[in-house]
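Inspection log for the structure reproduced underneath, given as structure tokens.
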Amino acid sequence: KLIINMFDILKKFDAFPKAIEDFRIRTASGATISIFSIILMVLLFLSELNYYYRTETIDHFYVNTTRTENLKVDFDLSFPLISCSLLSLDVLDDSGAQQTDAVHNIFKYKLDTKTGDVVGGPSRFNIGNTFLNEHDLKEFAEKEYNQPVALTKKISCGNCYGSREPGICCNTCDDVKEGYRRMGWRFKEQGILQCEEEAASRSLIEQNSEEGGCRIFGELELNQSSGHFHIAPQKSINFNSKDMGPLVFLLSLMSLTFDQFNVTHTINSLSFGDQFPGFTSPLDGQSRTLQDVHGMYQYYLKVVPTKYKHLDGKIVESNQYAVTEHMRHLDPGSGRGLPGVYFYYEVSPIQAVFEERRIGNIWRFLTSVCAIVGGSFTVMGLIDGLISYVWNSLFKPSF
């Protein structure tokens with residue numbers, strides 16, 4: 001009896017009293033609303049579940065207190081107007097010293113000039129061995145001929161060798177020929193600097209040029225926080241020293257370097273590390289076209305160390321970069337450099353950290369599910385009661 005009394009007392013706290021089955025009335029409208037309630041609850045539950053599993057990315061920025069030991073660079077560039085025999089790549093630090101210890105794995109592909117398609121297989125090559133300026137050309141000529149060579153600028157007013165009036169310039173071999181023709185003199189190319197230079201230039205071009213463009217791609221590991229890498233004319237030049245003197249060779253070398261090195265290019269891809277969600281590379285797919293061949297393209301890259309923390313705890317250490325660019329027009333003999341594509345990089349002192357976080361939590365999810373179930377039943381119960389009241393008021397007969 002004590003137990004029965006305790007249950008009787010406990011029943012007084014029942015907040016959900018049950019009606020006898022005989023007093024329940026089931027209606028078509030109630031069934032429709034019940035089905036609609038179940039569908040609505042399922043949809044709201046799925047929406048809440050999707051929100052619970054949804055993640056957001058939080059970004060933070062910190063002062064980078066760690067020294068950059070290795071900076072990985074992956075690149076893929078196409079030069080449709082320069083043959084692979086003229087291209088090379090070099091890496092220098094911010095003091096101008098060559099990074100001979102830079103780990104690299106770089107290849108060249110020959111490209112069809114008309115279609116841009118790859119021709120043949122890749123060939124691997126080592127970094128270094130590039131001409132950076134006209135002083136390098138001078139040193140190369142002096143080394144080949146073992147004698148000093150004056151770094152002569154491009155002829156501004158060439159000598160006509162007495163065949164024209166004073167003040168008239170003969171800058172090409174044809175100008176000198178025309179002067180000799182007017183004077184009725186017999187013309188010989190020997191001893192005429194303009195003719196010797198043009199003949200030597202033609203010989204150098206024939207010996208060193210080949211059809212097709214070049215695609216250069218691979219990866220570098222740079223061990224400095226700033227510096228640059230560039231694609232420029234390489235020092236492996238085929239020539240016959242018996243065909244020309246040192247000065248003519250130097251002038252011909254300058255002509256070859258400027259006239260045959262059109263740095264029109266496409267950056268297929270350029271990145272400083274592994275990719276992660278939301279990663280973008282501003283130079284991917286970008287093309288630059290030069291109307292003349294005397295140009296140097298310079299890209300200035302601000303590299304930002306970046307960490308990306310996945311929801312599962314996996315961390316990706318990579319880099320992002322911002323870029324500004326400059327096109328420098330060059331004149332042979334100006335001393336402002338040689339044609340090429342230069343990438344100047346500097347590691348930022350700021351580090352970016354991106355972290356994935358789950359938007360919802362388990363307690364909020366359970367609270368929302370209870371609210372969905374209870375709210376749906378309550379609202380639909382009110383709607384069902386309202387419909388029943390209206391129906392009974394309008395159509396139920398009164399006695």
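Counting from 1, position 55 in the sequence shown corresponds to residue 55 in our numbering; the numbering is continuous, with no gaps.
Yeah, the Cβ is synthetic: ideal placement off N, Cα and C, and Gly gets one too.
Keep in mind it's a predicted model, so treat the numbers as computed, not measured.
Alpha-carbon spacing of residue i relative to residue j, whole angstroms
i: C157; j: W185; result: 22 Å
i: F217; j: S123; result: 11 Å
i: K177; j: Q190; result: 12 Å
i: S95; j: D174; result: 45 Å
i: L71; j: F125; result: 20 Å
i: R215; j: C84; result: 8 Å
i: L43; j: N223; result: 55 Å
i: D90; j: I127; result: 5 Å
i: L338; j: A352; result: 37 Å
i: W391; j: A371; result: 30 Å
i: H326; j: H228; result: 15 Å
i: F47; j: R54; result: Contrary to the premise, residue 47 reads as Ser rather than Phe in this sequence. C-alpha separation (whole angstroms): 10 Å.
i: A31; j: L394; result: 20 Å
i: F45; j: G381; result: 19 Å
i: F131; j: I231; result: 10 Å
i: T66; j: Y345; result: 18 Å
i: K314; j: H60; result: 17 Å
i: E142; j: S255; result: 17 Å
i: R181; j: S334; result: 33 Å
i: L137; j: V118; result: 31 Å
i: N146; j: D93; result: 30 Å
i: P80; j: Q99; result: 28 Å
i: K300; j: H135; result: The amino acid occupying residue 300 in the given sequence is Tyr; Lys does not appear at that position. When rounded, the distance between both Cα atoms is 24 Å.
i: F399; j: I387; result: Here the model assigns F399 a pLDDT of 45, short of 50, so the residue's position is not dependable, and the following value carries that caveat. F399 and I387: Cα-Cα distance of roughly 22 Å.
i: G179; j: K188; result: 12 Å
i: D259; j: T324; result: 27 Å
i: S163; j: E198; result: 19 Å
Beta-carbon gap between residue i and residue j smaller than 8 Å
i: F140; j: K235; result: yes
i: K110; j: G212; result: yes
i: E221; j: A102; result: yes
i: D76; j: N268; result: yes
i: V63; j: I350; result: yes
i: P233; j: T257; result: yes
i: V347; j: P305; result: yes
i: T266; j: S78; result: yes
i: F343; j: Y308; result: no
i: I33; j: D384; result: yes
i: S287; j: L270; result: no
i: S88; j: N133; result: no
i: S376; j: S37; result: yes
Status (buried if at least 16 other CB within 10 Å, exposed otherwise) for residue i
i: I39; result: exposed
i: A322; result: exposed
i: G374; result: exposed
i: P166; result: exposed
i: V341; result: buried
i: I192; result: buried
i: F261; result: buried
i: C160; result: buried
i: V379; result: exposed
i: Y389; result: exposed
i: Q194; result: buried
i: Q291; result: exposed
i: H104; result: buried
i: I82; result: buried
Anticipated Cβ contact below 8 Å, residue i with residue j, distance rounded
i: F354; j: T57; result: 5 Å
i: V316; j: F272; result: Actually they are not in contact, since the Cβ atoms of V316 and F272 sit about 13 Å apart, beyond 8 Å.
i: G295; j: R328; result: 7 Å
Next on the checklist: Ignoring anything shorter than 3 residues, give me the beta strand (DSSP E) runs that lie fully in the segment 105-152, in order along the chain.
Outcome noted: Qualifying beta strand (DSSP E) stretches, in chain order: 118-125.
Item to check | Length at least 3, wholly inside the segment 311-361: the beta strand (DSSP E) runs in chain order | outcome: 315-329, 340-347, 350-358
Checklist entry - Which ranges does the beta strand (DSSP E) cover as unbroken runs of at least 3 residues, wholly within the segment 30-68, from first to last along the chain? => result 55-63
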